[in-house]
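Structure, as structure tokens:
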Ligand SMILES: Nc1ncnc2c1ncn2[C@@H]1O[C@H](COP(=O)(O)OP(=O)(O)OP(=O)(O)O)[C@@H](O)[C@H]1O
Ligand SMILES: [Mg+2]
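Put into structure tokens, the structure is as follows:
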């Protein structure tokens, strides 16, 4: 088995348990993104793969070899951090060449690799500059270039773009996507808080929460079929609307009642034994629309209108008193605060979770 394999990986600092048994197989060449709330253990896991943290228990394999005891320099990995940590007194060229010089590579090899990396990242014109004469995005590209020069089997990124402004983030994200395409055999593991980075870069996303994996899958699978409430809320922005519900009828479709007494038919079958149980009903903001007819999901008063140009967000006091329902409509919509409107949902995109928060969707 090539790639990276984690078997029941655990991490504790003293008595404090941080990771509670991570099982994951990453194929060679795959681009895997770790997401999860702050403090859930993403960086710790990445640093364990890099060899910068030891493994409390479990087994880690890279390219079929157990690496638990292998030092970072022998693992065939390269890591790019949030802070790019370039040597300020060295040119871009020397920054990228540094590691290879330490490893006593020949001048020709060094030159060839630096120029190739510079080419891939469009750093050619800056090779003689010092880092201080570069923009943040260019500096981060140098840090990535330096990692490429090490010819890693596995590339690790820990929020590499989070220090960049919005426009640079987009540009550098696209560089990373191109880089990934041009290195099809290199495995990439990438930590981010950014939904767009996760959705666009990943072959598979790993959602972590409090040291455990909640779900692993291709981005759209997580979006369309979140396995539980945690993933449902975490993937997608604004987050999925979740409403307390009760199952009142089972069969080919399931009928639920919401807090305001309204009934919704969800086109998915649940076991008859679930009848009468409490559940959570979910609908994404973008799957709701203003309804002019009699077929609607709920009626409510618009409390806040956020016109963003490309979309309009409505916060509607609806079937749940405590929390407004968020509705995301395309483009500019002529709706005023205080208006009472009906909203319909795309019936094929409704979500239903059991009392424990597990999705009723069967695989
Ligand atoms: N050296 C350490 N000693 C003790 N606890 C630590 C140490 N390093 C990290 N932790 C704890 O481990 C947990 C996971 O930290 P980690 O940095 O992996 O989170 P993260 O998911 O990367 O968060 P963020 O998104 O904020 O970067 C945190 O609760 C953190 O306080
Ligand atoms: Mg982190």
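Residue numbers (our numbering): 1210 to 1572.
Ideal Cβ positions, reconstructed from N, Cα and C, are used throughout, including at glycine.
This structure is a prediction, so every number in the text was calculated from the model and none was measured.
Distance cut-off 6 Å: residue i Cβ against heavy atoms of ligand 1
i: residue 1227; result: yes
i: residue 1292; result: no
i: residue 1267; result: no
i: residue 1222; result: yes
i: residue 1466; result: no
i: residue 1247; result: yes
Residue i, DSSP secondary structure in three states
i: residue 1538; result: strand
i: residue 1556; result: helix
i: residue 1529; result: coil
i: residue 1264; result: coil
i: residue 1258; result: helix
i: residue 1302; result: helix
i: residue 1572; result: Below a pLDDT of 50, predicted positions are generally treated as unreliable, and residue 1572, at 49, falls in that range; the measurement from the model is reported next regardless. Coil.
i: residue 1406; result: helix
i: residue 1427; result: coil
i: residue 1490; result: strand
i: residue 1319; result: helix
i: residue 1388; result: helix
i: residue 1521; result: strand
i: residue 1295; result: coil
i: residue 1242; result: strand
i: residue 1251; result: helix
i: residue 1379; result: helix
i: residue 1512; result: strand
i: residue 1444; result: coil
i: residue 1219; result: strand
i: residue 1551; result: strand
i: residue 1567; result: strand
i: residue 1436; result: coil
i: residue 1495; result: helix
i: residue 1230; result: strand
i: residue 1455; result: strand
i: residue 1351; result: helix
i: residue 1471; result: coil
i: residue 1359; result: coil
i: residue 1562; result: strand
i: residue 1420; result: coil
i: residue 1309; result: helix
i: residue 1329; result: helix
Residue environment, residue i, which counts as buried when at least 16 other CB atoms sit within 10 Å
i: residue 1496; result: buried
i: residue 1296; result: exposed
i: residue 1557; result: exposed
i: residue 1391; result: exposed
i: residue 1572; result: With a pLDDT of 49 at residue 1572, under the threshold of 50, the modelled position of this residue cannot be trusted; read the value that follows with caution. Exposed, since its Cβ has fewer than 16 Cβ neighbours within 10 Å.
i: residue 1152; result: In the structure as shown, the chain begins at 1210 and stops at 1572. Residue 1152 is therefore absent and cannot be evaluated.
i: residue 1220; result: buried
i: residue 1472; result: exposed
i: residue 1463; result: buried
i: residue 1298; result: exposed
i: residue 1398; result: buried
i: residue 1429; result: exposed
Rounded distance between the beta-carbons of residue j and residue i, thought under 8 Å
i: residue 1484; j: residue 1456; result: 6 Å
i: residue 1413; j: residue 1427; result: 6 Å
i: residue 1301; j: residue 1332; result: 6 Å
i: residue 1356; j: residue 1364; result: 6 Å
i: residue 1447; j: residue 1546; result: Not really, about 18 Å apart at Cβ, beyond 8 Å.
i: residue 1562; j: residue 1488; result: 6 Å
i: residue 1326; j: residue 1309; result: Contact doesn't hold; Cβ gap of about 11 Å is too wide.
Any C-beta of chain B under 7 Å from that of residue i
i: residue 1229; result: Included in the structure is just one protein chain, with no chain B present.
Cβ-heavy atom distance, residue i to ligand 4, below 6 Å
i: residue 1404; result: Ligand 4 is not part of this structure, which contains only ligand 1 and ligand 2.
Whose CB is closer than 7 Å to a heavy atom of ligand 2? List the residues in chain order.
Those residues, listed in chain order, are 1251, 1252, 1367, 1368, 1400.
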